[in-house]
Amino acid sequence: MAEIRLVKLRKEFRGTVAVQDMNLQIKEGEFLVLVGPSGCGKTTTLRMIAGLEEASSGEISIDGRPANDLEPGQRNIGMVFQNLALFPHKTVYDNIAFGLRVKKVAPADIRVQVEQVARTMHITHLLAKLPAQCSGGEAQRVALARTLVTNPSAFLLDEPLSNLDAKLRKEMRAEIDALHNRLSKTFVYVTHDQEEAMTLADRIVVMRDGRIEQVGTPMEIYSEPVNQFVASFFGSPAMNLIPGEARRTPGGLRFAFGGLDIPLDGVAPIPDGPVTLGVRPESVRLDGVTGGYRARVTLVEPLGKESLVYLDHGAERLLIAVADPGFRTEEGASVEFDFHGGRLYLFDPDGRRLG
Ligand code: ADP
Ligand code: MG
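The working numbering numbers the first residue of the sequence shown as 1022 and each following residue consecutively.
Right, dumping it as structure tokens:
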């Protein structure tokens, strides 16, 4: 097992700051997910932890020992790459055995260990094949097996499922989850997929432009986002963001957008001025609402277990609501909605959370 600590870790590539003074403590045995849009520095962070990229400044320690000057092979960390990086001309067996041969493990022991890890990953029947003869999901298992067999104390996985189709991605996601539970080792997992982050992580690290925006459990990140970026990154469909005005009135704070006037009960007082109201699609109620706000349906997307209803107010896109599949409406219809006690968020013009 391994605890990994990053202190003011920084990486610059000729003028581009890829990772900016990152502080992070990755706990022993935890499943930590680094998530953020393409180019935010996820891969660079992972490569620095693995020792494949030298930090421009800052410290990396593994189990309390400084690791900056350790070679990748001395860090006892296994990395699974986005493109898998399997040797195309070696069989699956030889791909898996490679790391053990490098470590000069005795050939008889190599066979035992490769066969054991192949059973674990359900790829025994593939051992004689070449990577090109494996399906995407099988190749993914081979890449995991190749890392697993070296028995590292921590696993670093860089978007390992991004090349798989949606169904297979969900299956492999569950397998990786089960693997982590079985091994109880530290996993650092990189993805740009918010759903993968939410479902796999003990803790999520949200990155943007080389910086950490927020660290927290999936539910903390979802229900208490520190800013508009984090709020809009998580959830599908994404949180509705409505630009309007905050107004203090004798009856309390209110939010105005077009002709809408929405009370903001329970939100701490803020000065009058432009704000963005955030509300998750599942907090918008359409069914059985009377005395609510009026909007016009512009699109209905039936998804089977629920329907997405797109609403306009006046000439402007207002929000997306999640409705029961039984909710009957049609494009062009006028409907009433309310927030049914659902959570409302407020952001200032710079995207900082106000309430
Ligand atoms: P992510 O994995 O989140 O998509 P990366 O860590 O790959 O992001 O990249 C972060 C930033 O650093 C990007 O702007 C990228 O273009 C830049 N970058 C990454 N690797 C290199 C490199 N070898 N040389 C120059 N710039 C790089
Ligand atoms: Mg990347």
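Backbone N, C-alpha and C fix where the C-beta goes; we use that ideal spot for every residue, glycine too.
Every value quoted in this text rests on a predicted model; they were computed, and no experiment measured them.
Separation of residue j from residue i, as counted between CA atoms
{"i": "residue 1344", "j": "residue 1295", "result": "30 Å"}
{"i": "residue 1360", "j": "residue 1305", "result": "5 Å"}
{"i": "residue 1251", "j": "residue 1367", "result": "13 Å"}
{"i": "residue 1049", "j": "residue 1166", "result": "21 Å"}
{"i": "residue 1124", "j": "residue 1171", "result": "9 Å"}
{"i": "residue 1090", "j": "residue 1074", "result": "11 Å"}
{"i": "residue 1095", "j": "residue 1034", "result": "25 Å"}
{"i": "residue 1120", "j": "residue 1179", "result": "19 Å"}
{"i": "residue 1192", "j": "residue 1265", "result": "42 Å"}
{"i": "residue 1047", "j": "residue 1235", "result": "14 Å"}
{"i": "residue 1273", "j": "residue 1267", "result": "11 Å"}
{"i": "residue 1158", "j": "residue 1185", "result": "7 Å"}
{"i": "residue 1364", "j": "residue 1269", "result": "20 Å"}
{"i": "residue 1092", "j": "residue 1106", "result": "19 Å"}
{"i": "residue 1338", "j": "residue 1237", "result": "32 Å"}
{"i": "residue 1054", "j": "residue 1067", "result": "11 Å"}
{"i": "residue 1244", "j": "residue 1370", "result": "20 Å"}
{"i": "residue 1122", "j": "residue 1071", "result": "20 Å"}
{"i": "residue 1203", "j": "residue 1212", "result": "22 Å"}
{"i": "residue 1097", "j": "residue 1023", "result": "9 Å"}
{"i": "residue 988", "j": "residue 1341", "result": "The shown model of the chain, from 1022 to 1376, leaves out residue 988, and the question about it has no answer."}
Cβ-based neighbour list, residue i, same chain, cut-off 7 Å, excluding 5 preceding and 5 following
{"i": "residue 1061", "result": "1228, 1229, 1230 and 1231"}
{"i": "residue 1320", "result": "1331 and 1352"}
{"i": "residue 1195", "result": "none"}
{"i": "residue 1028", "result": "1044, 1079 and 1080"}
{"i": "residue 1253", "result": "1259, 1260 and 1262"}
{"i": "residue 1118", "result": "1131 and 1135"}
Same chain, Cβ closer than 8 Å to residue i, five either side skipped, listed in chain order
{"i": "residue 1354", "result": "1317 and 1318"}
{"i": "residue 1328", "result": "1321, 1322, 1343, 1344, 1345, 1346 and 1348"}
{"i": "residue 1216", "result": "1257"}
{"i": "residue 1280", "result": "1334 and 1335"}
{"i": "residue 1051", "result": "1207, 1208, 1223 and 1224"}
{"i": "residue 1149", "result": "1112, 1113 and 1114"}
{"i": "residue 1031", "result": "1038, 1040, 1041, 1042, 1043, 1076, 1077, 1078 and 1079"}
Residue i Cβ short of 8 Å to the ligand MG heavy atom set
{"i": "residue 1064", "result": "yes"}
{"i": "residue 1103", "result": "yes"}
{"i": "residue 1180", "result": "yes"}
{"i": "residue 1211", "result": "yes"}
Cβ-heavy atom distance, residue i to the ligand ADP, below 8 Å
{"i": "residue 1034", "result": "yes"}
{"i": "residue 1061", "result": "yes"}
{"i": "residue 1043", "result": "no"}
{"i": "residue 1037", "result": "yes"}
{"i": "residue 1058", "result": "yes"}
{"i": "residue 1325", "result": "no"}
{"i": "residue 1072", "result": "no"}
{"i": "residue 1260", "result": "no"}
Sub-9 Å separation of residue i and residue j beta-carbons
{"i": "residue 1101", "j": "residue 1189", "result": "no"}
{"i": "residue 1289", "j": "residue 1376", "result": "yes"}
{"i": "residue 1182", "j": "residue 1161", "result": "yes"}
{"i": "residue 1300", "j": "residue 1240", "result": "no"}
{"i": "residue 1356", "j": "residue 1307", "result": "yes"}
{"i": "residue 1249", "j": "residue 1372", "result": "yes"}
{"i": "residue 1109", "j": "residue 1151", "result": "yes"}
{"i": "residue 1153", "j": "residue 1145", "result": "no"}
{"i": "residue 1221", "j": "residue 1242", "result": "no"}
Environment of residue i [buried if 16+ CB atoms lie within 10 Å]
{"i": "residue 1116", "result": "buried"}
{"i": "residue 1057", "result": "buried"}
{"i": "residue 1099", "result": "buried"}
{"i": "residue 1143", "result": "exposed"}
{"i": "residue 1173", "result": "buried"}
CB contact below 9 Å: residue i versus chain C
{"i": "residue 1048", "result": "In summary, chain C is missing from the structure at hand, where a single protein chain is found."}
Neighbourhood of residue i by C-beta distance below 6 Å, restricted to the same chain and skipping five residues each side
{"i": "residue 1026", "result": "1046 and 1082"}
{"i": "residue 1285", "result": "1274 and 1276"}
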